[in-house]
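S.K.: First residue of the sequence shown: 1467, per my numbering; consecutive thereafter.
Can you keep this structure in mind? I'll have questions shortly.
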Amino acid sequence: MQAGRDMYVHVPPAPAPEVEWPVWVGSVPRLAAAFQPRTDTRETVERARAEGNGGVLSQVLSGDGGVGKSQVAAAIARELRDRERSRGGGLDLLIWVKATETDQIADAYAEAAARLGLPGGSSADRAAAAEAFLAWLAATERRWLVVLDDVTDPEAVDAWWPDGNPRNGGVLVTTRRNDARLSGQGRTLIRIGLYSPEEARAYLRRRLTDAGHPHLYDADAADQLAAELGHLPLALGHAAAYMINTLCTTGDYVRLLRDADHKLSDVLPSNADADRYGSPVTTALLLTLDAVQGVDRSHLARPLLELASLMDPLGHPAALWTSPPAVSHLRTTRTKRRWFLRRSIQP
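In C-alpha cells, the structure reads:
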C-alpha cells in the first residue's frame, strides 16, 4: 500500500438474528373467574371469520363499558394461539396492545420489529421500526393476529391498522365506539351486549361454587339479582365478589341491593348515571366499595375511585396517575382519613 492512499474495507452486515417462533408481544389478559364463553357472540365472530371479506380479516368488537369486550377478545386470541397445528391453527405471531393511545401501538409494533430482526427494527426511530413491521405483515406467509384493545380514537388508529394476506392474518379490535369508519374497508363491526339470563345465572352459580360457597346460590334469587343489575357482566362480578367476601346469600344481596338503592335514589340525581346503567348498578358498586373499605388498611380505595371518576372513561394518559396533583390528592386524603380514625378511637 502506497503512502497517502486511502484504503476501503467492506464489512458485511451482521446476519439477522435467528427468530424463535412463535413470537408473542404483549400480555393477553387472563380470563375472568367463571368466564362465560358468550356462545352467541362467538358464533357471530366465527361466522364472520368463515365468510371472509376479501382482505385481511378485521373484526371490531364494540360495546358499552363492562360488557366484557376484552374478555371475549382474550378468549379468541388464546384459542387461536393455542390451537393445534393438526387442526389448521396455531399462530406464529400474536400482538396484544392496549390501544388507548397510538404511541402504545407504535411501541408494540417496534418491539415486534426488533424481535423479528427486521431491517430497521433495532432503530431508535420507533415510528420507522413500526412501519417496517407493518410492511412485513403485508407480505409474510406467517400466521399472525394483532389485537388492538380499547381503541378510543378510530381516526388516529387508521394509520396503524395492519394489512396483509387474508389467508393468514387477522386484526381484532375492542372499543366503546361505533363510528362508521370502524366498519367497511373489510372491517366487520360486531356488537357485544349484556349477558343473557342463562349466562347471568350460570355465571353466579359457577362463581360462588368455585369460591367454595355453593350454599350462597339460589336460582330464583339469582334471576332477580341479574334482572336488577340489567345482566351487566361487570355489575354481576361486583355482586359476586361482595357475596363471597361477606358470605351473603343471593337472596340477602337482592334485599340489600333494593334497600340501598331506595336510599341512593334520594341523594343521587338521575342525570348522574352517564352510562345509563341504572342506580342498581351504582348501588352494587357502592356496596362493594363499602366492603373493600372495611379491610383497606391503605385507605386509598375511595380516593382512587374519586380520582378515577374525574378521568375520561374512554381513555386517558397513564402519566396522569403519577402527576403531582394526583399524588398530592391521594396523600392528603389518606392523611386526613388516618387523622379522623385516630380521633374517633380516642376516649
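Where is the CB? At the ideal position from N, CA and C, for every residue including glycine.
1. If contacts are defined as beta-carbon pairs under 8 angstroms, then valine 1489 and arginine 1581 qualify, I think. What distance do you get, rounded to the angstrom?
2. Three or more C-beta pairs closer than 8 angstroms, one from the region 1567-1580 and one from the region 1698-1712: is that the case here?
3. Under a three-way DSSP split, which group does tryptophan 1562 fall into?
4. Could you tell me the boundaries of the beta strand (DSSP E) in which leucine 1523 lies?
5. Report all residues from its chain with a CB closer than 8 angstroms to the CB of threonine 1602; omit the five preceding and five following residues, and keep chain order.
6. Enumerate in chain order the residues of its own chain whose CB-to-CB distance from alanine 1427 is below 7 angstroms, with the five nearest sequence positions on each side excluded.
7. On the premise that alanine 1543 lies in contact with leucine 1638, defined as a C-beta separation below 8 angstroms, what is that separation, rounded to the nearest angstrom?
8. Does any residue of chain D bring its CB to less than 8 angstroms from the CB of alanine 1499?
9. Quick test of your reading: leucine 1702 and leucine 1753, contact by CB under 8 angstroms. State the CB separation rounded to the nearest angstrom.
10. Here's the rule I'm using: 16 or more other beta-carbon atoms within 10 Å means buried, otherwise exposed. How should threonine 1641 be labelled?
11. Nearest CA to the CA of alanine 1498: which residue from Lys1535, Thr1510 and Leu1523?
12. Taking arginine 1515 as the reference, give the member of Lys1564, Ser1588 and Gly1652 with the closest Cα.
13. Given this structure, state the Cα-to-Cα distance separating aspartate 1683 from arginine 1768, to the nearest angstrom.
14. Please report the straight-line C-alpha distance between alanine 1593 and proline 1680, rounded to a whole angstrom.
15. Valine 1533 by DSSP, collapsed to three states: which one?
16. How would you label glycine 1635, buried or exposed, when you count the other beta carbons within 10 angstroms and need 16 or more for buried?
17. Going by beta carbon distance, what residues of the same chain come within less than 8 angstroms of leucine 1600, once the five residues before and after it are set aside?
18. With distances taken between CB atoms, is the gap from alanine 1598 to glycine 1587 smaller than 8 angstroms?
19. Buried or exposed: which applies to valine 1793, given that a residue is buried once 16 or more other Cβ atoms fall within 10 Å of its Cβ?
20. What ranges does the beta strand (DSSP E) occupy inside the region 1583-1641, keeping only unbroken runs of at least 3 residues that lie completely in it?
21. Tell me which same chain residues have a C-beta within less than 8 angstroms of the C-beta of leucine 1796, skipping the five on either side of it?
22. Return the bridge partner residues of threonine 1654 from the DSSP annotation.
23. Of all the options Pro1783, Ala1590, Arg1672 and Ala1539, which has the alpha carbon lying nearest to the alpha carbon of threonine 1568?
24. Proline 1620 and arginine 1647 - do their beta-carbons sit closer together than 8 angstroms?
25. So, using beta-carbon positions, are glycine 1529 and glycine 1650 closer together than 8 angstroms?
M.R.: Looking at the coordinates:
1. Taking the sequence shown and counting its residues from 1, one reaches residue 1489 at position 23. Taking the sequence shown and counting its residues from 1, one reaches residue 1581 at position 115. Yes, valine 1489 and arginine 1581 are in contact; Cβ-Cβ is about 5 angstroms, under 8 angstroms.
2. no
3. Along the sequence shown, read from residue 1 onward, the residue named residue 1562 stands at position 96. In the structure shown, tryptophan 1562 sits in a strand (DSSP, three-state: E or B).
4. To locate residue 1523, count along the sequence shown from 1; it is residue 57. From DSSP, the beta strand (DSSP E) with leucine 1523 extends over 1523-1528.
5. As a first step, residue 1602 must be located in the sequence shown, where it is residue number 136. The sequence shown places tryptophan at residue 1602, not threonine. If we look at tryptophan 1602 and ignore the five residues flanking it on each side, its Cβ neighbours are Ala1579, Leu1582 and Leu1584.
6. Look at the range of the chain in this structure, 1467 to 1813, and you will see that residue 1427 is not part of it.
7. Taking the first residue of the sequence shown as 1, we reach residue 1638 at position 172. Taking the first residue of the sequence shown as 1, we reach residue 1543 at position 77. Right, their Cβ atoms sit about 7 angstroms apart.
8. The structure shown contains no chain D; it holds only a single protein chain.
9. Taking the sequence shown and counting its residues from 1, one reaches residue 1702 at position 236. Taking the sequence shown and counting its residues from 1, one reaches residue 1753 at position 287. Contact flag wrong, Cβ pair sits at about 13 angstroms.
10. Working through the sequence shown from its first residue, we reach residue 1641 at position 175. Counting the other Cβ atoms within 10 Å of the Cβ of threonine 1641 gives 16 or more, which makes it buried.
11. Position 32 of the sequence shown, counted from the first residue, corresponds to residue 1498. Nearest option by C-alpha distance: Lys1535.
12. Numbered from its first residue, the sequence shown carries residue 1515 at position 49. Here the closest residue by C-alpha is Gly1652.
13. Locating residue 1683 in the sequence shown gives position 217, counting from the first residue. Locating residue 1768 in the sequence shown gives position 302, counting from the first residue. Residue identity differs from the one stated: residue 1683 is tyrosine in this sequence, not aspartate. Taking the straight line joining both Cα atoms gives about 29 angstroms.
14. The residue labelled residue 1593 in the question sits at position 127 within the sequence shown. The residue labelled residue 1680 in the question sits at position 214 within the sequence shown. Whole-angstrom Cα-Cα distance: 53 angstroms.
15. Your numbering for residue 1533 matches position 67 in the sequence shown. Residue state, collapsed to three classes: coil.
16. For this step, residue 1635 is matched to residue 169 along the sequence shown. With 16 or more other Cβ atoms within 10 Å, it is buried.
17. Counting from 1 along the sequence shown, the entry for residue 1600 is found at position 134. Within the same chain, leucine 1600 has close Cβ partners Tyr1575, Trp1626, Pro1628 and Asp1629.
18. Translated into positions along the sequence shown, residue 1598 becomes position 132. Translated into positions along the sequence shown, residue 1587 becomes position 121. Result yes, Cβ atoms of alanine 1598 and glycine 1587 sit closer than 8 angstroms.
19. If you number the sequence shown from 1, residue 1793 lands on position 327. Exposed, because fewer than 16 other Cβ atoms sit within 10 Å of the Cβ of valine 1793.
20. Fully enclosed beta strand (DSSP E) runs of 3 or longer: 1610-1617 and 1635-1641.
21. For the purposes of this step, residue 1796 is identified with residue 330 of the sequence shown, where counting begins at 1. Hits under 8 angstroms: Leu1766, Pro1769, Leu1770 and Leu1773.
22. As a working note, residue 1654 is residue 188 in the sequence shown. In DSSP, threonine 1654 forms a bridge with Gln1525.
23. As a working note, residue 1568 is residue 102 in the sequence shown. Nearest of Pro1783, Ala1590, Arg1672 and Ala1539 to threonine 1568, Cα basis: Pro1783.
24. For the purposes of this step, residue 1647 is taken as residue 181 along the sequence shown, with counting starting at 1. For the purposes of this step, residue 1620 is taken as residue 154 along the sequence shown, with counting starting at 1. Yes. Within cutoff.
25. Mapped onto the sequence shown, residue 1529 falls at position 63. Mapped onto the sequence shown, residue 1650 falls at position 184. Taking 8 angstroms as the Cβ cut-off, glycine 1529 and glycine 1650 do not qualify as a contacting pair.
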